[in-house]
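Read left to right, the sequence shown gives residues 98 to 386 (our numbering). Note that beta-carbon positions come from the ideal geometry of N, C-alpha and C, so glycine has one too.
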Amino acid sequence: METSEILKRVRKIEIKARGLSSNVFAGQYHSAFKGRGMAFSEVREYLYGDDVRDIDWNVTARFHRPYVKVFEEERELTVMLMIDVSGSLDFGTRRQMKREMVTEIAATIAFSAIQNNDKIGVVFFSDRIEKYIPPKKGRKHILYIIREMLDFHPESRRTDIRQALEFLTSVSKRRCTAFVLSDFYDRQDFLQPLQIASRKHDIVALQVYDVLQRELPDVGLIRVVDAETGHEQYIDTGSRQLRSAHSQYWKTRQQQLHETMTRSSVDMVSIATNEDYVKALLMLFKRRS
């Protein structure tokens, strides 16, 4: 992609994402994603009803009357965008490709985060860590991230979510909020590293999928290619049995994925490429508020 074309797309995404984060998501992001905890702010005189455990005995002894410590929420967060760049994201039969939707969602989250003075970092992953962008603040940093998302060329087309989660656990020493944006098209089990990561960090799973993955249309004989392995085959979508098996496979995979998230205490939302991701994100934010 030419530089001028990338800049046009970056600008288009920035306008949409900033508009959403300023207007639609105003307040929702803040209440959905809390700070790291409570930080000491100041001391004041004890008032009736204050918790005696908050008494600052050193100050109390100095002024001969009780004083308590006042705490406030540490609002600043570190947000990590865990972005799947494997081959299966280069697919879309309706409004847009899965990769395009992932980019827009990631940009919207990023602009929502900087409005709350949060740091943003990114991990691009396939079956390896393709690129790591350390957390920083500011519009310039986010525009760099968006450019990378639009024009990134991964070395591998396969997926290994386990390795991405293990990398997050090792590289992020302090607690962060991590959004995993993927279609979760992974043949390997990643329950254990997800449970380990979710004990240390606040993990949110955002699944982007195409409706064709859920249900095959009756359009006769078609050629299908596995985007990650390159395997090709012809299937007869006119077969009711094949369509039924395809639909059942999707339901089974989704059930297993939801069980993995539930067992790891991870919030998850699934968004089809022909759906409104704004509505899905708002529902997620409200659920967490």
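State the CB to CB distance for the pair R254 and G184, rounded to an integer number of angstroms; the pair is presumed to be in contact (CB under 8 angstroms).
3 angstroms
Whole angstroms are fine: how far does the CA of P314 sit from the CA of R337?
10 angstroms
Is it buried or exposed, T359, if we count other Cβ atoms within 10 angstroms and call 16 or more buried?
exposed
C-beta atoms of Y374 and V305 nearer than 9 angstroms:
yes
Got a sec, what are the start and stop residues for the beta strand (DSSP E) R311 sits in?
No beta strand (DSSP E) contains R311, which is instead part of the alpha helix (DSSP H) from 308-311.
Report the rounded CA-to-CA distance for E329 versus D224, giving the unit in angstroms.
21 angstroms
Applying the 10 Å Cβ sphere with the 16-neighbour rule, what's the burial state of Y145?
exposed
8 angstroms CB neighbourhood of K297 in its chain, flanking five on each side removed:
T266, S269, R272
Looking at the strands, I want to know which residues DSSP matches up with L278.
I180, L303
Could you tell me the distance, in whole angstroms, from the CA atom of I332 to the CA atom of D257?
27 angstroms
Just how far apart, CA to CA, sit Y126 and E111?
18 angstroms
Does the beta-carbon distance from S118 to Q212 come in below 9 angstroms?
yes
Is it right to say I319 is buried, meaning 16 or more other beta carbons lie within 10 angstroms of its own, or is it exposed?
exposed
Which whole-angstrom value is the C-beta distance of D181 and D280, which I expect to be below 8 angstroms?
7 angstroms
Thinking just about the alpha-carbon of each residue, which of K348, V199, S362, L262 is nearest to the one in A114?
V199
Return the chain-ordered list of same chain residues with a C-beta closer than 8 angstroms to the C-beta of P232, the five sequence neighbours on each side being excluded.
T175, V176, M177, K216, I217, G218, C273
Give me, in chain order, the residues of the same chain whose beta-carbon lies closer than 8 angstroms to that of D147; leave out the 5 immediate sequence neighbours on both sides.
V165
Work out the CA separation of F382 and A207 for me, nearest whole Å.
14 angstroms
Which of the three DSSP states, helix, strand or coil, is assigned to A294?
helix
Distance, Cα to Cα, A210 vs R236?
11 angstroms
Express the C-alpha separation of V220 and S361 in angstroms, rounding to a whole number.
21 angstroms
Does the separation of the CB atoms of V363 and A377 fall below 9 angstroms?
no
Hey, out of W347, H250, T157, whose CA is closest to V308's CA?
W347
So which of Q345, R385, L303 has the shortest CA-CA distance to E201?
L303
With the cut-off set at 9 angstroms, would you say F222 and F276 are in Cβ contact?
no
For S361, which residues does DSSP report across the bridge?
S361 pairs with nothing; no bridge assigned.
Report, in whole angstroms, the separation of the C-beta atoms of A129 and M179, which I expect to be a contact under 8 angstroms.
Wrong, their Cβ atoms sit about 18 angstroms apart, outside the cutoff.
Chain-order list of residues whose beta-carbon lies under 7 angstroms from that of E312 (same chain, five-residue window excluded):
S344
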